[in-house]
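Structure, as structure tokens:
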Amino acid sequence: MADLRPSRSRFCPRLTAAFLCVFLLVFLHCASASRDAVSGGNDTGIRPVRSTQEDPHDHHGNSTEHKKAFPVLAFNFEHVRKPFEISMWILLALLMKLGFHIIPRISHVVPESCLLIVVGLLVGGTIKAVEGTNAPVLDSKLFFLYLLPPIILDAGYFLPIRPFTENLGTILVFAVLGTLWNVFFIGGTMFAVCQIEGAGLGDVNLLSCLLFGSIISAVDPVAVLAVFEEIHINELLHILVFGESLLNDAVTVVLYHLFQEFSREGSVSVGDALLGVVCFFVVSLGGILVGFIYGILGAFTSRFTSHTRVIEPLFVFIYSYMAYLSAEVFHLSGIMSLIACGVIMRPYVEANISHKSYTTVKYFLKMWSSVSETLIFIFLGVSTVAGPHVWNWTFVVFTVFLCLVSRVLGVIGLTSIINKFRIVKLTKKDQFIVAYGGLRGAIAFSLGFLLTDSKMKHMFLTAIITVIFFTVFVQGMTIRPLVELLAVKRKKESKGSINEEIHTQFLDHLLTGIEDVCGHYGHHHWKDKLNRFNKKYVKKWLIAGERSTEPQLISFYNKMELKQAMMLVEGGSSAKLPTVMSSVSMQNIQPREPPRRRAMPNISKSREEEIRKILRANLQNTRQRLRSYSRHDLMIDPFEDNVSEVRLRKQRVEMGRRVTLMSFHLCLPEHQVFTYDDTESPRSAEMKPGSAAVQLLNESPQRSDQSDAEPNAKQDDQEEQLKLSRCLSDPGPNQDQLEQGSLVS
Amino acid sequence: MGSSSSSTERIPDAQELMQETGFSAAHLVRLYERFEFLDKDDRGELRLDDFEAVSELAMNPIGDRIIGAFFSPGRETVDFPSFVRILAHFRPTDTNRTRNGRNGAQPEPANSRTSKLKFAFQLYDQDRDGKVSREELLQVLRMMLEMQVTEEQLQSIAERAIQEADLDRDDAISFDEFKKSLEKVDIEHKMSVRFLE
């Protein structure tokens, strides 16, 4: 019995989702069909021809000739057709995403991208069957201008800088040299294959093959993100594959345009090849420069937004999008521009914008990129059904085979070169994962789609789609068991640790010093120089107010304090409430007290004011440091997890908190500034009194009152809750302070 | 190899040093050249003012400690072997060496993870009692944060750091606790200098 019910509840959402989709689709097509009917009806009908843009409500004005009943209900679909269709597609994508997460079994085995492609196939098939004509295809313009930027911005903005810069050399080698190797190997070998008699490929010349090679070689960031996120691989491998997929855009862009031009011309000279090399540098560096400029602009603008907090997130988005578009105008690498913009902008913007704006930026980016990714995969499925396919066994099979072979050879070859320069070498396991993670995706498809129409294009498209399917399905599905089989190091969940931060900074200084002693201008030396430059000049310009001089350690510390305070507010105290009650923990409190007590009597009232001011200023603009960069982390971020778990016990928490609040309010009526900090710190027995300063706000008599109050609290919490609700219903000045600092998220 | 072996002849006890520290002949020669460069008065040993002449070290917040680390306790000069021994801590870890294991007689190589961490720990622990007390931590924090923070902020940070790391509740950080708090950091990478490949 018990088994039956859960399975049924698991079954229902899937069915519901499926029915919903089919229903939506049918509705959509009925609507489009009825549109014809309506407009046709009108033409022959009573009223004169009306344009589709005309407001349906003023049609009664036209019917002067014939007396017609006032239409209470009218049907005008054409009016809203385009937005309606877009919304339906997005709704479909979201429902699918929802559905997959309700069914845990499947999502463990099959990566989401595969499921989405399958859904796309089904939808495309349904549309083709129902309507018979072409389903909407993944239009390249739609893809490059609307679907791709959010994903890249999300990736770039939350790019983990430290591992990225530490491995930049390796990433660049893989991205540039690896892609070049892939292009020429695949292009050349395919040309050789095309020469084989009987394959029917004689008309494919070398340049076309190279063009094809340039399309199919690039590792796709969307696919990599989608698959790698779910397997939680260690940071190094993730950043290697992901960084490569981002940076190879420049190479892809250059080679694609190059070969396209050449195949149009028909021949290529040495001069052209040299120009191609120059073009590569222009494209990549130019893209980065454009992104850099917009990033600085964005950072600078955010300096002045303290009075208009509501529009702050928009600046981040718009500047980044403009960076992408501006780069695309000049045929520079839009992806690199977007990444550069996000990376440059982030530290300064985060220091300037409010906590709420930061949360907004984070959530909107994750949201958009999530929807985009889902739509991309669905459209891939739909386009597969739609497009005219030219299936050539030789071509397709060899393409798939060569893609694998060239990737493996490329990675092995390059690693042997790279390992000479790396401190931490790449092991065979690492190489395998890097090679296996070379997934192709929608970018390849869209680039192929941009080719001029011809039989060759369709053949190419078919091959591209086959490779995409192969990599996403086969490699995507098998990478997780392989990772487990090979016991590849997984991502370590790390909580922020002040010790780690202190020691890491210490080690940075130490290494810089040692490098100076050796006279060796290495990684640390330049990083230190950059930091100094940043601190001295850039921060003053780009960060508003007193935060421009805040050392990194202090910001980190404040973030941790804020995070802890929020955790306690949300529910950590429920766990602590019972332990505080128990006598054992009471004993644990005692030894802690003497050191704190020692500090307390020395602080005068004026110092207290100072401390409170410091806290207010520093805690106001802190944000949570995002340590991870994957899309799903919003759901599995340990902080959020705690929250969702504890919401079950929220009532007890609230009660406990209000009790303290109330008793605190009764004891110290004037200390009303930071409700959270003030209430939480005396509560937590074993909470590290993160700020001794905050501790100092409570004088010792109060604390003993607190500990006495607590046992009583449980007994008379009813009436106290009443009193409290009165207290809390009029927060008064707290609201203003909190508004700015937004400890309430 | 021929040219460098002739240069190593200038260096006293070159072979022993290479054996002890694991530096190759080329590295050793380069370090010797650097040693001679720093040794302005050609004394064959370095003094405090030689180190202070390195301009970047003056700007380093913990520059004094780093310089101090080169001098053995009680000595006022640094000779070449001591110089090299300290720098041996920052040689990249040889993965194959640690993989094959060591026979019991061989001491821990200077550039193993533990040795690197020990070296860093000793920079914190000035009085060499094996623990980093709150006061020592505060000193380091003061040095790193220079003039930018108030005393209260320093105190709270130090307080929090000790509470986070101090597992045996003795109000100080021992070497094992230090190691534990850094277990997620890639020390082999972080504390290595690429001398000459």
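These protein sequence lines are chains A and B, in that order. Each residue of the first sequence is one higher than the last, beginning at 1 in this note's numbering. Each residue of the second sequence is one higher than the last, beginning at 1001 in this note's numbering. For every residue, glycine included, the Cβ atom is placed at its ideal position computed from N, Cα and C.
inquiry  = Against chain A, with Cβ distances strictly below 7 Å, would B:Phe1090 count as a contact?
reply    = By one-based count along the second sequence, residue 1090 of chain B stands at place 90. Yes, because at least one Cβ of chain A sits closer than 7 Å to the Cβ of B:Phe1090.
ask   = With C-beta atoms as the reference, is A:Glu312 less than 7 Å away from A:Ser357?
value = Along the first sequence, read from residue 1 onward, the residue named residue 312 of chain A stands at position 312. Along the first sequence, read from residue 1 onward, the residue named residue 357 of chain A stands at position 357. Taking 7 Å as the Cβ cut-off, A:Glu312 and A:Ser357 qualify as a contacting pair.
ask   = Is A:Leu450 helix, strand or coil by DSSP?
value = Locating residue 450 of chain A in the first sequence gives position 450, where the first residue counts as 1. Three-state result, A:Leu450: coil.
query = If A:Val569 sits next to A:Gly381, beta carbons under 8 Å apart, how far is it from one beta carbon to the other, in whole angstroms?
reply = Working through the first sequence from its first residue, we reach residue 569 of chain A at position 569. Working through the first sequence from its first residue, we reach residue 381 of chain A at position 381. In this structure, A:Val569 and A:Gly381 do not form a Cβ contact; the two beta carbons are roughly 44 Å apart against a cut-off of 8 Å.
ask   = What residue does the beta strand (DSSP E) around B:Ser1174 start on, and which one ends it?
value = Taking the second sequence and counting its residues from 1, the one referred to as residue 1174 of chain B is at position 174. Residues 1172-1174.
query = A:Pro163 and A:Leu247 look like a contact to me (Cβ under 8 Å); what is the Cβ gap, rounded to whole Å?
reply = On the first sequence, residue 163 of chain A is found 163 positions in, with the first residue counted as 1. On the first sequence, residue 247 of chain A is found 247 positions in, with the first residue counted as 1. In fact, because the Cβ distance is near 14 Å, the residues do not count as touching under 8 Å.
ask   = Can you find a C-beta in chain B that's less than 7 Å from the C-beta of A:Lys535?
value = As a first step, residue 535 of chain A must be located in the first sequence, where it is residue number 535. No, A:Lys535 does not count as interfacial toward chain B.
task = Please classify A:Arg5: is it buried, with 16 or more other beta-carbons within 10 angstroms of its beta-carbon, or exposed?
result = The sequence position of residue 5 of chain A within the first sequence is 5, counting from 1. Legend: pLDDT at A:Arg5 = 42, less than 50; position of this residue unreliable, value from coordinates given subsequently. The residue in question, A:Arg5, is exposed, as its Cβ has fewer than 16 Cβ neighbours within 10 Å.
task = Closer than 7 Å by C-beta to B:Phe1071: which residues in its own chain qualify, once you throw out the five before and the five after it? Chain order, please.
result = Counting from one through the second sequence, the residue named residue 1071 of chain B turns up at place 71. So the list reads Val1078, once near-sequence residues are dropped.
message = Please classify A:Asp58 as buried or exposed, where buried requires at least 16 neighbouring CB atoms within 10 angstroms.
response = The residue labelled residue 58 of chain A in the question sits at position 58 within the first sequence. Below a pLDDT of 50, predicted positions are generally treated as unreliable, and A:Asp58, at 44, falls in that range; the measurement from the model is reported next regardless. Answer is exposed; the Cβ neighbour count stays below 16.
ask   = Does DSSP put A:Ile750 in a helix, a strand or coil?
value = Residue 750 of chain A falls outside the range modelled here, since chain A spans only 1 to 745, and no answer is possible.
Residue of A:Leu168, A:Glu500, A:Ile171, A:Lys527 minimising C-alpha distance to A:Ser511 = Translated into the one-based positions of the first sequence, residue 511 of chain A becomes position 511. Sequence inspection shows Leu at residue 511 of chain A; the Ser mentioned does not correspond to that position. Comparing Cα positions, the closest option is A:Lys527.
inquiry  = Below 8 Å, how does it come out for the region 239-255 of chain A and the region 209-229 of chain A: are there three or more Cβ pairs, yes or no?
reply    = Yes, they touch.
task = Could you work out which residues of chain A lie near B:Lys1184, taking near to mean beta carbons separated by less than 9 Å?
result = If you number the second sequence from 1, residue 1184 of chain B lands on position 184. For B:Lys1184, the residues of chain A that pass the 9 Å Cβ criterion are Lys492, Ser494, Ser497, Glu500, in the order they occur in the chain.
ask   = Span of the beta strand (DSSP E) holding A:Val361?
value = For this step, residue 361 of chain A is matched to residue 361 along the first sequence. Where A:Val361 is concerned, there is no enclosing beta strand (DSSP E), although the alpha helix (DSSP H) it sits in stretches over 355-386.
query = Can you tell which of A:Thr462, A:Thr374, A:Asn419 has the C-alpha that lies nearest to the C-alpha of A:Val397?
reply = Sequence index remark: in the first sequence, residue 397 of chain A carries index 397 (1-based). Closest by alpha carbon: A:Thr462.
query = For B:Ser1181, which of helix, strand or coil comes out of DSSP?
reply = As a working mapping, residue 1181 of chain B is identified with position 181 in the second sequence. Under the three-state reduction of DSSP, B:Ser1181 is assigned to helix.
query = At least one CB of chain A closer than 7 Å to the CB of B:Val1054: is that the case?
reply = Locating residue 1054 of chain B in the second sequence gives position 54, counting from the first residue. At least one C-beta of chain A is nearer than 7 Å to the C-beta of B:Val1054.
task = Could you work out which residue in B:Asp1168, B:Glu1164, B:Arg1113, B:Ile1173 is closest to B:Gly1130 when comparing CA atoms only?
result = As a first step, residue 1130 of chain B is located in the second sequence; it is residue number 130 there, counting from the start. Considering only alpha carbons, the answer is B:Ile1173.
task = To the nearest angstrom, report how far apart B:Ala1120 and B:Phe1178 are at their CA atoms.
result = In the second sequence, counting from the first residue as 1, residue 1120 of chain B sits at position 120. In the second sequence, counting from the first residue as 1, residue 1178 of chain B sits at position 178. Rounded to the nearest whole angstrom, the C-alpha separation of B:Ala1120 and B:Phe1178 is 10 Å.
query = Given 8 Å as the limit, is there contact between the region 1053-1061 of chain B and the region 1023-1033 of chain B, that is, 3 or more CB pairs closer than that?
reply = They do not touch, by the three-pair rule.
request  = Report the three-state DSSP secondary structure of B:Ser1133 (helix, strand or coil).
outcome  = What you label residue 1133 of chain B is simply residue 133 of the second sequence in a count that begins at 1. In this structure, B:Ser1133 counts as strand in the three-state DSSP scheme.
inquiry  = Assuming contact is defined by CB atoms lying nearer than 7 Å, are A:Val290 and A:Ala327 in contact in what I supplied?
reply    = Stepping through the first sequence from its first residue, residue 290 of chain A is reached at position 290. Stepping through the first sequence from its first residue, residue 327 of chain A is reached at position 327. Result yes, Cβ atoms of A:Val290 and A:Ala327 sit closer than 7 Å.
task = Give the secondary structure of A:Arg490 by DSSP, where H, G and I count as helix, E and B as strand, and everything else as coil.
result = Mapped onto the first sequence, residue 490 of chain A falls at position 490. DSSP places A:Arg490 in the strand class (E or B) of the three-state scheme.
A:Leu210 vs A:Phe259 beta-carbon contact at 7 Å = Numbered from its first residue, the first sequence carries residue 210 of chain A at position 210. Numbered from its first residue, the first sequence carries residue 259 of chain A at position 259. Less than 7 Å divides the Cβ of A:Leu210 from the Cβ of A:Phe259.
query = Cα separation between A:Lys455 and A:Met367?
reply = Within the first sequence, the letter at position 455 stands for residue 455 of chain A. Within the first sequence, the letter at position 367 stands for residue 367 of chain A. Taken atom to atom, the span from the alpha-carbon of A:Lys455 to that of A:Met367 is near 39 Å.
task = Tell whether a beta-carbon distance below 7 Å holds between A:Phe470 and A:Val400.
result = Walking along the first sequence from the start, residue 470 of chain A turns up at place 470. Walking along the first sequence from the start, residue 400 of chain A turns up at place 400. Their beta carbons are under 7 Å apart, which means A:Phe470 touches A:Val400 by this criterion.
task = Check the DSSP bridge columns for A:Leu240 and list the partner residues they point to.
result = Numbered from 1 along the first sequence, position 240 holds the residue referred to as residue 240 of chain A. In the DSSP output, where bridge partners are listed per residue, A:Leu240 has none listed.
inquiry  = Relative to the C-alpha of B:Phe1080, which candidate in B:Thr1114, B:Glu1016, B:Gln1163, B:Met1191 has its C-alpha closest?
reply    = Here residue 1080 of chain B corresponds to residue number 80 of the second sequence, with the count starting at 1. The candidate whose alpha carbon is nearest that of B:Phe1080 is B:Glu1016.
ask   = Does A:Gly519 get closer than 7 Å to chain B when you measure Cβ to Cβ?
value = Here residue 519 of chain A is taken as the residue at index 519 of the first sequence, counted from 1. Among the CB atoms of chain B, one or more fall inside 7 Å of the CB of A:Gly519.
message = Counting C-beta neighbours from all protein chains within 10 Å, is the total for B:Leu1167 16 or more, i.e. buried, or is it exposed?
response = Within the second sequence, residue 1167 of chain B is the residue found at index 167, counting from 1. The Cβ neighbour count for B:Leu1167, taken over all protein chains shown within 10 Å, is under 16; the residue is labelled exposed.
ask   = Beta-carbon of B:Val1193 versus every beta-carbon of chain A: anything under 7 Å?
value = Taking the first residue of the second sequence as position 1, residue 1193 of chain B is located at position 193. Residue contact with chain A for B:Val1193: present (Cβ-Cβ distance below 7 Å to some residue of chain A).
request  = Just tell me which of A:Met190, A:Ile468, A:Ala435, A:Glu484 has its CA closest to the CA of A:Gly448.
outcome  = Position 448 of the first sequence, counting from 1, holds the residue named residue 448 of chain A. Looking at the Cα atoms, A:Ile468 is the closest of the given residues.
query = Quick one, which residues of the region 537-569 of chain A are near chain B if we go by CB-CB under 7 Å, in chain order?
reply = Interface annotation for the region 537-569 of chain A against chain B: Thr549, Pro551, Leu553, Ile554, Tyr557, criterion Cβ-Cβ distance under 7 Å.
query = Is B:Glu1076 helix, strand or coil by DSSP?
reply = For the purposes of this step, residue 1076 of chain B is taken as the residue at position 76 of the second sequence. Coil.
inquiry  = For A:Gly213 and A:Leu439, I'd like the C-alpha separation in whole angstroms.
reply    = Position 213 of the first sequence, counted from the first residue, corresponds to residue 213 of chain A. Position 439 of the first sequence, counted from the first residue, corresponds to residue 439 of chain A. Distance between the alpha carbons of A:Gly213 and A:Leu439: 15 Å.
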